[in-house]
Amino acid sequence: MDFYRYILTCIVDTDYKDWNVLNCLNYLKDHNHLQFTSDSKQEILSAFTSVFKKISESCTINSRVTKKAKKLYDNVHETFQRREITEFFEKVDREFEERRNERELEKCFDKNGCELLIKSSDFHTLKLSSRYAGKSEELPEKDESVSDRSDLFLRKKRSINYNEERMIKRLHRDRETTPSPCSPKLHLMDNPFIEDKEDDVIIIDDVDELCFEEGDPANDLKVGDTNVAQLFRKYQNESLKIANNGGLLVESNVHEILSLSSIFLLTPGSHPNTMIDIFSSSLLDEVHEKVISIQQSELDPDCELKFRKAAKKAIKESRECAVDWLWTELSNDQALKENLGIVFLECLRSLPTTKIKNQPSEITLITNHLDHIMKMLHNPDKHIVEWPNTGLDESKARKLQGRSKQPDFTVSIIHQLQDNGVIFVGEVSPPSEKNNVYKNCNDLIRVGVFMKDCLDSAIGKGADIKVLGFQCIDHTIDFYVMDLVQGIYILIKIGQVAIPTSLKEVSTFIEDMEILLIIRKVFQQSFDKFFDKLCNPSLPSVKASLRRDTLRTPKFRQLIIF
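Throughout the sequence shown, residue numbering follows our numbering, covering 16 to 577 in sequence.
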């Protein structure tokens with residue numbers, strides 16, 4: 016039995032603060048209904064060691080989580096010698112013996128009982144008894160397959176949506192009036208508050224037939240004298256080796272999983288060791304700076320002073336005073352509008368003076384905090400900002416089996432009174448999910464694939480553009496941009512913005528507004544190019560021949576669709 020897989024499931028389902036060996040053993044026993052004995056102790060120990068080592072060495076996981084995993088990894092052998100662990104396995108052994116004895120008694124009873132029923136000619140009861148006997152015989156046969164108690168068998172896992180349960184409790188606690196996630200009036204597939212979730216952790220290990228061959232060096236991406244494309248193919252093949260030798264984990268192999276779809280994720284300061292070994296940190300930083308040209312934007316100094324003055328008025332005087340003053344300034348200052356003055360005004364209008372202690376649900380986070388910031392892109396005559404509950408058409412174009420998983424956020428171009436192309440996508444996780452490493456890493460993979468789908472679609476329509484994406488976890492947004500360069504989908508992190516939750520935090524938000532100005536500039540450039548191609552249709556972009564396939568293995572599809 017693959018204990019590694021089930022221990023990893025336990026780790027993902029549990030807050031890292033509660034991680035310990037005994038809790039995980041009880042999880043295996045109670046939640047997954049695994050039947051095992053002390054004969055499997057060494058195998059379980061090895062699985063614990065592998066899981067904690069993998070997490071502790073990850074470059075994409077929060078440092079507090081990796082430190083906790085490192086501590087557990089260092090002490091796991093000593094922990095397995097402790098009294099409580101020994102007692103746990105002794106109890107497991109006793110329960111195993113009791114179950115086996117019960118099966119023997121049931122088997123004996125069935126045999127003797129049938130003989131008595133035949134003698135009494137009670138054929139109706141005999142018929143019912145035979146059905147029961149047939150079922151009870153199946154269980155001893157399974158017990159016989161673990162005669163030496165060295166193996167185990169798996170019963171059906173309970174289908175419990177823990178995130179859904181937490182959301183229900185939070186909705187009751189916050190006294191929200193929105194429909195409950197489990198409202199009987201909403202069918203599961205139509206319920207915008209929840210998503211289908213797989214019961215098991217997905218490990219990408221079904222890529223046996225995939226390979227990345229050397230291409231024509233003349234067409235390769237180069238930085239200086241270095242053939243970056245050649246190094247990227249080497250990295251892709253190294254990712255394949257990892258996938259075929261234990262599998263790629265969502266929590267610790269985000270870069271490697273994306274590379275199998277030719278997506279080159281560059282996050283300065285967070286490059287995985289495998290990538291550093293092949294490219295070197297200095298080359299990765301150089302690629303990040305030079306390959307995708309992003310023109311920097313600065314907040315106008317006069318506008319910054321006015322924003323800070325308005326924030327001070329809101330705290331020292333009153334919200335109404337600050338709103339009225341800034342509204343007057345906006346009416347007479349076009350530069351203030353161009354520097355996101357309307358966004359800042361909405362913050363003053365809608366945010367509480369002091370941060371609310373209750374954690375917001377995903378819907379509350381979107382409507383009360385995130386939406387008015389993303390509306391900086393909203394122009395009702397040109398493009399539309401949406402928080403959809405539908406599949407992305409650009410992803411459906413790949414004709415994957417099943418429905419496409421919906422992104423939480425899209426910005427679509429309007430042409431002929433219809434949306435005709437998505438150029439910005441995003442995923443959101445509420446505060447309750449900020450420590451859910453598996454979900455958040457999975458969301459980043461989805462963002463990368465959604466962006467690739469949108470970019471492929473635009474290139475097919477003749478538009479050579481860049482596509483934007485974001486991932487919001489709690490009140491922090493990471494922004495990304497993607498471009499197709501010589502057959503590589505380069506995905507770089509532009510920056511990070513902290514969403515203000517109160518008037519006392521808007522001063523800090525001012526410092527992040529330059530990131531939003533960069534996002535808006537890239538967005539506007541992509542919109543102009545794409546809209547022109549929609550109005551004046553042409554052949555696919557010259558980049559069309561450089562497009563690469565997205566990974567299509569069954570397990571990868573499970574990550575992207577539901």
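In this text, a Cβ means the ideal position worked out from N, Cα and C, and glycines have one as well.
Owing to the predicted nature of the structure, the values given are computational and were not obtained by experimental measurement.
Runs of alpha helix (DSSP H) lying entirely within the region 233-282, each at least 4 residues, in chain order: The region 233-282 is shown to contain whole alpha helix (DSSP H) runs of 4 or more residues at 243-259 and 269-274, in chain order.
If you run the structure through DSSP and keep just helix, strand and coil, what is residue 84? Within the sequence shown, residue 84 is the residue found at index 69, counting from 1. DSSP places residue 84 within a helical segment (H, G or I) once states are collapsed to three.
Please identify the residue among 352, 463, 244 and 430 whose C-alpha is closest to the C-alpha of residue 442. Taking the first residue of the sequence shown as position 1, residue 442 is located at position 427. The option with the nearest alpha carbon to residue 442 is 463.
On the three-state DSSP scale, how would you describe residue 74? Counting from 1 along the sequence shown, the entry for residue 74 is found at position 59. In the three-state reduction of the DSSP assignment, residue 74 falls in the coil class.
Cβ neighbours of residue 304 in the same chain (closer than 8 Å, five flanking residues each side left out): Looking up residue 304 in the sequence shown gives position 289. So no residue of the chain qualifies.
Taking the straight line between their C-alpha atoms, what separation do you get for residue 107 and residue 460? In the sequence shown, counting from the first residue as 1, residue 107 sits at position 92. In the sequence shown, counting from the first residue as 1, residue 460 sits at position 445. Those two C-alpha atoms are separated by around 39 Å.
If you drop the 5 nearest sequence neighbours on each side, which residues of the same chain put their C-beta closer than 6 Å to that of residue 246? Counted from its first residue, the sequence shown places residue 246 at position 231. Only 293 and 294 meet the Cβ criterion.
With distances taken Cα to Cα, identify the nearest neighbour of residue 282 among 299, 289 and 274. Position 267 of the sequence shown, counted from the start, is the residue given in the question as residue 282. Ranking the options by Cα distance to residue 282, first place goes to 299.
I need the straight-line Cα distance from residue 390 to residue 495, nearest angstrom please. Taking the sequence shown and counting its residues from 1, the one referred to as residue 390 is at position 375. Taking the sequence shown and counting its residues from 1, the one referred to as residue 495 is at position 480. About 18 Å.
Quick one: residues in its chain with C-beta nearer than 8 Å to the C-beta of residue 29, no 5 flanking neighbours on either side, listed in chain order? Within the sequence shown, numbered from 1, the residue matching residue 29 stands at position 14. Scanning its chain for C-beta atoms nearer than 8 Å, with the 5 sequence neighbours on each side dropped, one finds around residue 29 the residues 38, 39 and 42, in chain order.
Cβ-based burial, residue 226 [other Cβ within 10 Å; buried from 16]: Position 211 of the sequence shown, counting from 1, holds the residue named residue 226. Result: exposed.
Would you mind sorting residue 362 into buried or exposed? The rule is 16 or more other CB atoms within 10 Å of its CB. Translated into the one-based positions of the sequence shown, residue 362 becomes position 347. Buried, because 16 or more other Cβ atoms sit within 10 Å of the Cβ of residue 362.
Cα-Cα separation between residue 484 and residue 456, rounded to whole angstroms: Within the sequence shown, the letter at position 469 stands for residue 484. Within the sequence shown, the letter at position 441 stands for residue 456. Approximately 15 Å, taken between the alpha carbons.
Less than 6 Å between C-beta atoms, sequence neighbours within five positions excluded: which residues of the same chain meet that for residue 296? Along the sequence shown, read from residue 1 onward, the residue named residue 296 stands at position 281. For residue 296, where only same-chain residues beyond five positions count, there are no Cβ hits under 6 Å.
Is it buried or exposed for residue 248, if we count other Cβ within 10 angstroms and need 16 for buried? As a first step, residue 248 must be located in the sequence shown, where it is residue number 233. So residue 248 ends up on the buried side.
Within the same chain, show all residues whose beta-carbon is closer than 7 Å to that of residue 364, passing over the 5 residues directly before and after it, in chain order. Here residue 364 refers to the residue found at position 349 when the sequence shown is read from its first residue. Cβ-Cβ distances below 7 Å link residue 364 to 338 in the same chain, with the five nearest sequence neighbours on each side left out; the list follows chain order.
Note the first and the last residue of the continuous alpha helix (DSSP H) segment covering residue 322. The residue labelled residue 322 in the question sits at position 307 within the sequence shown. From DSSP, the alpha helix (DSSP H) with residue 322 extends over 316-331.
Ignore the nearest five residues each way along the sequence and tell me which others in residue 63's own chain have a CB closer than 7 Å to its CB. Reading the sequence shown from its first residue, position 48 is the one you call residue 63. 22, 36 and 91.
Along the chain, where does the beta strand (DSSP E) that runs through residue 495 open and close? Counting from 1 along the sequence shown, the entry for residue 495 is found at position 480. It spans 491-500 - the beta strand (DSSP E) in which residue 495 sits, taken as one unbroken run.
Would you call the region 515-533 in contact with the region 224-244, where contact means no fewer than 3 C-beta pairs closer than 8 Å? No: the two stretches stay apart, fewer than three of their Cβ pairs being nearer than 8 Å.
Return the first residue and the last residue of the beta strand (DSSP E) that residue 435 is part of. The residue given as residue 435 occupies position 420 in the sequence shown. For residue 435, the enclosing beta strand (DSSP E) covers residues 433-444.
Segment contact flag, the region 561-572 with the region 262-279, C-beta cutoff 8 Å, min 3 pairs: By the Cβ criterion, the region 561-572 is in contact with the region 262-279, since at least three pairs of Cβ atoms, one from each stretch, lie closer than 8 Å.
Here's the rule I'm using: 16 or more other beta-carbon atoms within 10 Å means buried, otherwise exposed. How should residue 356 be labelled? Here the question's residue 356 lines up with position 341 in the sequence shown. Result: buried.
How many whole angstroms separate the CB atoms of residue 480 and residue 541, which I take to be in contact at a CB cut-off of 8 Å? For the purposes of this step, residue 480 is taken as residue 465 along the sequence shown, with counting starting at 1. For the purposes of this step, residue 541 is taken as residue 526 along the sequence shown, with counting starting at 1. Contact check for residue 480 and residue 541: beta-carbon distance about 4 Å, within the 8 Å limit, so the pair qualifies.
For residue 435, which of 347, 332, 219 and 545 has the nearest alpha-carbon? Reading the sequence shown from its first residue, position 420 is the one you call residue 435. It is 545 whose Cα lies nearest to the Cα of residue 435.
Starting from residue 425, follow its DSSP beta bridges and name the residues at the other end. In the sequence shown, counting from the first residue as 1, residue 425 sits at position 410. For residue 425, the pairing in a beta bridge is given by DSSP as 401 and 440.
If you follow the beta strand (DSSP E) that residue 452 is in, where does it begin and where does it stop? The residue given as residue 452 occupies position 437 in the sequence shown. Under the DSSP assignment, residue 452 falls outside any beta strand (DSSP E), being part of the alpha helix (DSSP H) whose first and last residues are 452-475.
Can the beta-carbon of residue 258 be found less than 9 Å from the beta-carbon of residue 306? As a position in the sequence shown, residue 258 is number 243, starting the count at 1. As a position in the sequence shown, residue 306 is number 291, starting the count at 1. No, Cβ-Cβ distance for residue 258 and residue 306 is not below 9 Å.
Which word fits residue 557, buried or exposed, when buried means at least 16 other C-beta atoms lie within 10 angstroms of its C-beta? Position 542 of the sequence shown, counting from 1, holds the residue named residue 557. Burial state of residue 557 is exposed, judged by a 10 Å Cβ sphere holding fewer than 16 other Cβ atoms.
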